[in-house]
Amino acid sequence: MTTLSTSPADVPANRHGRDWPVIWAIVGRDLRAIRRSKAVVLPMMLVPILLMVVLPLVIGYAAAQASSQNNAALGFLDAVPDALAAEILAQPPQEQLLRLVLGYLLAPLFMIVPLMVSAVIAADAFAGEKERRTMETLLHLPISDRDLFLAKLLTSYIPALAVTWGGFAAFTVVANAVSWQYVDGLIVPNQLWLVMVLWVAPAVAMVGLGVMVRVSARASTSQEANQLGGAVILPLIFLAVGQSTGLLLVDLEVSIGVGALLWLLALLLVWRGASRFARDRIAAST
Amino acid sequence: MTPEPIITASGLTRSFDGRIALDGLNLEVQQGEVLALLGPNGAGKTTTVRLLNGVLAPDSGRATVLGLDPATHGDDVRRRTGVLTENAGLDDRLTARENLEYTARMRGYSKTEARDRVNVQLDRFGMHDQADQRTVGFSTGQRKRVALARALLHDPDILFLDEPTSGLDPSATRDVTDLIGSLAREHGRTVVLATHFLGEAGRIADRMAVLDHGRLRASGRPEELAAELWDGIPADIDLGGPPTTRVVDLVQSLHGVLHTVPRAAGLTVGVRDRATMAGVLRQLAAHNIDVFGANLRRASMEDVYFALEESFTTESVS
Numbered sequence: 003m004t005t006l007s008t009s010p011a012d013v014p015a016n017r018h019g020r021d022w023p024v025i026w027a028i029v030g031r032d033l034r035a036i037r038r039s040k041a042v043v044l045p046m047m048l049v050p051i052l053l054m055v056v057l058p059l060v061i062g063y064a065a066a067q068a069s070s071q072n073n074a075a076l077g078f079l080d081a082v083p084d085a086l087a088a089e090i091l092a093q094p095p096q097e098q099l100l101r102l103v104l105g106y107l108l109a110p111l112f113m114i115v116p117l118m119v120s121a122v123i124a125a126d127a128f129a130g131e132k133e134r135r136t137m138e139t140l141l142h143l144p145i146s147d148r149d150l151f152l153a154k155l156l157t158s159y160i161p162a163l164a165v166t167w168g169g170f171a172a173f174t175v176v177a178n179a180v181s182w183q184y185v186d187g188l189i190v191p192n193q194l195w196l197v198m199v200l201w202v203a204p205a206v207a208m209v210g211l212g213v214m215v216r217v218s219a220r221a222s223t224s225q226e227a228n229q230l231g232g233a234v235i236l237p238l239i240f241l242a243v244g245q246s247t248g249l250l251l252v253d254l255e256v257s258i259g260v261g262a263l264l265w266l267l268a269l270l271l272v273w274r275g276a277s278r279f280a281r282d283r284i285a286a287s288t
Numbered sequence: 304m305t306p307e308p309i310i311t312a313s314g315l316t317r318s319f320d321g322r323i324a325l326d327g328l329n330l331e332v333q334q335g336e337v338l339a340l341l342g343p344n345g346a347g348k349t350t351t352v353r354l355l356n357g358v359l360a361p362d363s364g365r366a367t368v369l370g371l372d373p374a375t376h377g378d379d380v381r382r383r384t385g386v387l388t389e390n391a392g393l394d395d396r397l398t399a400r401e402n403l404e405y406t407a408r409m410r411g412y413s414k415t416e417a418r419d420r421v422n423v424q425l426d427r428f429g430m431h432d433q434a435d436q437r438t439v440g441f442s443t444g445q446r447k448r449v450a451l452a453r454a455l456l457h458d459p460d461i462l463f464l465d466e467p468t469s470g471l472d473p474s475a476t477r478d479v480t481d482l483i484g485s486l487a488r489e490h491g492r493t494v495v496l497a498t499h500f501l502g503e504a505g506r507i508a509d510r511m512a513v514l515d516h517g518r519l520r521a522s523g524r525p526e527e528l529a530a531e532l533w534d535g536i537p538a539d540i541d542l543g544g545p546p547t548t549r550v551v552d553l554v555q556s557l558h559g560v561l562h563t564v565p566r567a568a569g570l571t572v573g574v575r576d577r578a579t580m581a582g583v584l585r586q587l588a589a590h591n592i593d594v595f596g597a598n599l600r601r602a603s604m605e606d607v608y609f610a611l612e613e614s615f616t617t618e619s620v621s
């Protein structure tokens, strides 16, 4: 018969640093499972495709029809700061619409992508575990609360950034393809887009995550989490798109500042979520 | 010298939203022992398993598992324990093999080690044919087998099994019960078996602990508890029909017979020891009373449990 020791000296020491192989194992499992879940993948892909591929094609078509008598860009120029409006009005009619919509107006709207993707996956990663009744199994594994939280965070954050940046890459190709015959040089990426995609979008994704981590603690299914999260996130989207369009459009410093504020909000939300992510609390609620 | 218990609980208490789920549990489990943790739903069995694995923290009291306090060294405890939760907890978007391999990876094994360990378990449970199917269409029995394989991946020193055979057909139940028994007997593993199924628990458990409304009401070997509950050893005597008053009086008057209960096919008697039983049979033969069979039986875990449950009900009514 095997003899077992009960001496604590035989037990592997408690690890204080991050256990990265274990964290990546959880991320790997979750990402593989998410890829197989149509309910998660379809909404996650649909919005970026509409915004980043279909919309630029429509704008390209509208630009091809534009003339000095029939110029759709004029309708949008009221919402744009005077300096930018004057700069755009100096261009030929076809270029006006392309520069305005593809170069500027779509940038804040694009923030819906990281927000939505991170929120949908976070709902699945946190509340979905409860719904599938797999959370208890995870809690019985030798993974610290922090590592588990970090793994779940990465599970949501990595696809959010991948879809955002992949979507932007597709947008860059489509936007330049539809505008090459009317515009000299590349229409995107410009400075505004780079700030939005590399600085503001990652912050927005983290805000979505932070909201869903909090919401998921109360929800018992990912659908419920999405509904609760949507109630918080949708007004934010409308507020952001409605209020900040003019500000974010041209002023890089303002865009960077807004990004910084979003980072602050995101880190606060995530930090609070992490402090409440305790095994005991989760087990007591499952 | 008595070896140090592998699990101890001392005054372990936990409540949820003001409702006490476990109330001052005192318990010891020795290495290699199979302990049946019995009790109705809501008795505190799952809470006990969670507290002993550091998944929940106690409100008061203390536990040690493998010499470690699960409340402060939860990860170290969980590294050496395996838990089968009541719900199999499989991710149905993954295959059986993926469910197992990811768990092995989460336990810190390399890809190659994880693959090897999973293959060992798939062999053990005869599941190679279903290994690469998603678990979504699996029967309860198949799910339990995958979950049990997952709990055994890392050769745990202590196995906590919450309702391991619920939903299994009789043959699968026997296989799982035999496996649990062999883990303890041949491999020195300690098993804590939380279950409603008294028959299977009786077959493999050395000791039983009965919880009721979060309190430990009894613990010990079934025969010890039986001795506390009843005087003597129960025995069934087959007389081929109900006994006459003369027969009942005769048996009752014999030395060492503690009580007699007439039955449709004969008598159930309580005898002080085996020698008394021999004397009863001799006397019946001497009085030309036909005896078609006699069975001196050990009280089963089931007998003991139901007697205890009845005593709790009587206590709560009074």
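So the protein lines, in turn, are chains E and A. For the first sequence, the residue numbers in our numbering are 3 to 288. For the second sequence, the residue numbers in our numbering are 304 to 621. Where a beta carbon is used, it is the ideal one built from N, C-alpha and C, also for glycine.
The beta carbon of A434 (chain A) sits no closer than 7 Å to any beta carbon of chain E. Straight through space, the alpha carbons of D149 (chain E) and A360 (chain A) are spaced by roughly 19 Å. With the rule of 3 Cβ pairs closer than 8 Å, the stretch 26-46 of chain E counts as touching the stretch 387-406 of chain A. Neighbours of I28 (chain E) across chain A, judged by C-beta separation under 9 Å: Y405, R408, M409.
A direct Cα-Cα distance of roughly 7 Å separates A366 (chain A) from L315 (chain A). Separation of G259 (chain E) and V49 (chain E) (C-alpha to C-alpha, rounded to the nearest whole angstrom) is 27 Å.
Within the same chain, L100, R101, L104, G105, A177, N178, S181 come within 8 Å of I189 (chain E) by CB-CB distance, once the 5 residues on both sides are set aside. For L599 (chain A), the enclosing beta strand (DSSP E) begins and ends at 596-599.
Note on S257 (chain E): 16 or more other CB atoms within 10 angstroms of its CB, so buried under the neighbour-count rule. For the stretch 353-370 of chain A, residues whose beta-carbon sits nearer than 7 Å to a beta-carbon of chain E comprise R353, N356, V358, L359, A360, L369, G370. Shown here is that no member of the stretch 170-193 of chain E has a Cβ falling below 8 Å from a Cβ of chain A. Excluding its 5 nearest sequence neighbours in each direction, T406 (chain A) has C-beta neighbours in its own chain below 8 Å: R453, L456, listed in chain order. Less than 7 Å separates the beta-carbon of D465 (chain A) from that of A497 (chain A). Taken in chain order, the complete alpha helix (DSSP H) segments of 4 or more residues contained in the stretch 510-584 of chain A are 525-532, 548-556.
S603 (chain A) has its alpha-carbon roughly 18 Å from the corresponding atom of I540 (chain A).
The three-state reading of DSSP puts G429 (chain A) in coil, since its state is none of H, G, I, E or B. For the stretch 118-143 of chain E, the set of positions with a beta-carbon nearer than 7 Å to some beta-carbon of chain A reads R134, R135, T136, E138, T139, L141, H142, L143 in chain order. For P545 (chain A), the CB contacts under 7 Å within the same chain, skipping 5 residues up- and downstream, are P565, A567 in chain order. With 16 or more other CB atoms across the displayed protein chains lying within 10 angstroms of its CB, V197 (chain E) is buried. Taking 7 Å as the cut-off, the Cβ atoms of V368 (chain A) and I310 (chain A) count as close. By the Cβ neighbour-count rule, V560 (chain A) is buried, with 16 or more other Cβ atoms within 10 Å of its own. DSSP places A497 (chain A) in the uninterrupted beta strand (DSSP E) bounded by 493-498. In terms of beta-carbon proximity, V43 (chain E) stays away from the interface with chain A, with every pair separated by 7 Å or more.
Using a CB distance cut-off of 7 Å, A205 (chain E) does not count as an interface residue toward chain A. Proximity of D282 (chain E) to chain A, defined by a Cβ-Cβ separation below 7 Å, is satisfied. DSSP places T398 (chain A) within a strand segment (E or B) once states are collapsed to three.
Assigned with DSSP and collapsed to three states, A602 (chain A) falls in coil, not helix or strand. Neighbours of N390 (chain A) in chain E, taken as residues at a C-beta separation under 8 Å, are given in chain order as R135, E138. Taking 7 Å as the cut-off, the Cβ atoms of R492 (chain A) and L462 (chain A) count as close.
Interface annotation, F441 (chain A): not in contact with chain E, CB-CB separation never under 7 Å. If you draw a 10 Å sphere on the C-beta of T579 (chain A), you find 16 or more other C-beta atoms in it, and that means buried. A buried status is given to H142 (chain E), since no fewer than 16 other beta-carbon atoms sit within 10 Å of its beta-carbon.
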